[in-house]
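J.:
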Amino acid sequence: MQMDQQDILRVNRSREQARDSYNRLSRWYDMVGGQSEKRYRSEGLRLLDVQPGERVLEIGYGTGHVIVALARRVGGEGRVYGIDISDGMLGVATARVSEAGLEDRVELIRGDAMELPYDEDSLDAVFMSFTLELFDNPGIPVVLGQCLRVLKPGGRMVVVSMSACGTEGTVMKLYKWAHRNIPSLFDCRPIYARKALEDAGFHVVDDELMTMSELPVEVVLAEKTGG
């Protein structure tokens, strides 16, 4: 099967519209989509295999479940950073980190992943789950280029994403219709995550194809090569 990033659906809303949408969803997101995504986030965390003392970034931290898991794994000598476009998500995630007593090793900001405010070669790992597919086609290589820049040589990245790989069944056709016609509720759309990472210059180490209610989900582990 030929995989062409230009064949994937477009995202026809501005970043301001996305921010407003997630601000409204932030208080209810865990009830709407959080539980259905948990299995895939957990598999991504397993592949990323974060170690004590590492410096890790999550892009699109949402309500903060992964941030807390990462903070526990890096320990007191490590550091976890998070960037998300939504003020509402920032508030919910900050409260979750505080409740877990992990404020001393976590730094959360509201910002744009297309302009990551972190130094070159400064991070050991980057995690994204159900976030890369929210960016329009021209934005995907920009975000991944930023990730490549901030990772140390040998640094790892995991992307968990709706996937355009596999056979397109009835459920996928219905989902694509919903994405075109009700983008405020069905904002993700399937992409070729592995190919996007390879095109950005990453070396793919592992790529698992899972299903979520008959929708394909890719869990891809990649690394930054070179010295």
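The sequence shown runs 260 to 486 under this note's numbering.
Ideal Cβ positions, reconstructed from N, Cα and C, are used throughout, including at glycine.
Could you pull the DSSP bridge partners for V478 from this structure?
T.: Working through the sequence shown from its first residue, we reach residue 478 at position 219. Answer by DSSP bridge pairing, in chain order: V419 and E467.
J.: Excluding the 5 residues flanking R208 on each side, which residues of the same chain have their C-beta closer than 6 Å to its C-beta?
T.: Since the first residue shown for the chain is 260 and the last is 486, residue 208 is missing from the structure and cannot be characterised.
J.: CB-CB under 7 Å to W436, same chain, minus the five flanking residues each way: which ones, in chain order?
T.: Sequence index remark: in the sequence shown, residue 436 carries index 177 (1-based). If we look at W436 and ignore the five residues flanking it on each side, it has no Cβ neighbours.
J.: Reducing DSSP to helix, strand and coil, say where K483 ends up.
T.: In the sequence shown, the residue the question calls residue 483 occupies position 224. Coil.
J.: Please state the DSSP three-state secondary structure of M260.
T.: Numbered from its first residue, the sequence shown carries residue 260 at position 1. Residue placement at M260 cannot be trusted, given a pLDDT of 41 that sits under 50; what the coordinates show is reported in the next sentence. Correct three-state label for M260: coil.
J.: Return the Cβ separation of L316 and V417 in integer angstroms, given the expectation that the two are a contact with Cβ distance under 8 Å.
T.: Stepping through the sequence shown from its first residue, residue 316 is reached at position 57. Stepping through the sequence shown from its first residue, residue 417 is reached at position 158. The pair is not a contact, with the Cβ atoms about 11 Å apart (cut-off 8 Å).
J.: Expressed to the nearest angstrom, what Euclidean distance is found between the alpha-carbon atoms of M442 and D279?
T.: Looking up residue 442 in the sequence shown gives position 183. Looking up residue 279 in the sequence shown gives position 20. Per the sequence shown, the amino acid found at residue 442 is Pro instead of Met. When the Cα atoms are used, P442 and D279 turn out to be separated by approximately 13 Å.
J.: Report the rounded CA-to-CA distance for E392 versus I450, giving the unit in angstroms.
T.: Mapped onto the sequence shown, residue 392 falls at position 133. Mapped onto the sequence shown, residue 450 falls at position 191. Those two C-alpha atoms are separated by around 6 Å.
J.: Which residues does DSSP list as the beta-bridge partners of M387?
T.: Start at 1 with the first residue of the sequence shown, and residue 387 comes out as number 128. Note: M387 sits in a beta bridge opposite I318 and V418.
J.: If the criterion is Cβ atoms closer than 8 Å, does the pair A330 and L375 meet it?
T.: Residue numbering aside, residue 330 sits at position 71 when the sequence shown is read from its first letter. Residue numbering aside, residue 375 sits at position 116 when the sequence shown is read from its first letter. One thing to note: A330 has its Cβ no nearer than 8 Å to the Cβ of L375.
J.: Could you tell me the alpha carbon to alpha carbon distance between D371 and I344, rounded to whole angstroms?
T.: For the purposes of this step, residue 371 is identified with residue 112 of the sequence shown, where counting begins at 1. For the purposes of this step, residue 344 is identified with residue 85 of the sequence shown, where counting begins at 1. The straight-line gap from Cα to Cα measures roughly 6 Å.
J.: Per DSSP, what kind of secondary structure is G341 in: helix, strand or coil?
T.: Within the sequence shown, the letter at position 82 stands for residue 341. The answer is strand: DSSP assigns G341 an E or B state.
J.: For P311, collect the residues of the same chain with a Cβ closer than 8 Å to its Cβ; drop the 5 residues on either side in sequence, then sort them by chain order.
T.: Reading the sequence shown from its first residue, position 52 is the one you call residue 311. So the qualifying residues of the chain are R332, V333, G334, E336 and G337.
J.: Rounded to the nearest angstrom, what separates A481 and H438 at their Cα positions?
T.: Sequence index remark: in the sequence shown, residue 481 carries index 222 (1-based). Sequence index remark: in the sequence shown, residue 438 carries index 179 (1-based). The alpha-carbon atoms of A481 and H438 are separated by roughly 28 Å.
J.: Can you have a look at L433 and say buried or exposed, based on whether 16 or more other CB atoms are within 10 angstroms of its CB?
T.: In the sequence shown, residue 433 corresponds to position 174, counting from 1. So L433 counts as exposed.
J.: Can you check DSSP and say which residues form a bridge with I450?
T.: Along the sequence shown, one-based indexing puts residue 450 at 191. Note: I450 sits in a beta bridge opposite S422.
J.: Excluding the five sequence neighbours on either side, which residues of its own chain have a C-beta within less than 7 Å of the C-beta of I318, listed in chain order?
T.: Taking the first residue of the sequence shown as 1, we reach residue 318 at position 59. Within the same chain, Cβ atoms closer than 7 Å to the Cβ of I318 are found at I342, A372, V385, M387 and T390, the five residues on either side in sequence being excluded.
J.: Which residue wins for smallest C-alpha separation from P528, given the options E427, R453 and T484?
T.: Since the first residue of the chain shown is 260 and the last is 486, residue 528 is not available in this structure.
J.: CB D346 to CB R369, shorter than 8 Å?
T.: For this step, residue 346 is matched to residue 87 along the sequence shown. For this step, residue 369 is matched to residue 110 along the sequence shown. Going by C-beta atoms, D346 is nearer than 8 Å to R369.
J.: What is the rounded straight-line gap between the Cα of G414 and the Cα of G303?
T.: By one-based count along the sequence shown, residue 414 stands at place 155. By one-based count along the sequence shown, residue 303 stands at place 44. Those two C-alpha atoms are separated by around 15 Å.
J.: Is it the case that the Cβ atoms of V270 and F394 are separated by a distance below 8 Å?
T.: On the sequence shown, position 11 is the one that residue 270 refers to. On the sequence shown, position 135 is the one that residue 394 refers to. For V270 and F394, yes; Cβs fall inside 8 Å.
J.: Out of S472, L306 and N282, state which residue places its alpha-carbon closest to the alpha-carbon of D466.
T.: As a first step, residue 466 must be located in the sequence shown, where it is residue number 207. Nearest of S472, L306 and N282 to D466, Cα basis: L306.
J.: To the nearest angstrom, how far is it from the Cα of S420 to the Cα of V309?
T.: Your numbering for residue 420 matches position 161 in the sequence shown. Your numbering for residue 309 matches position 50 in the sequence shown. Roughly 19 Å separates the two Cα atoms.
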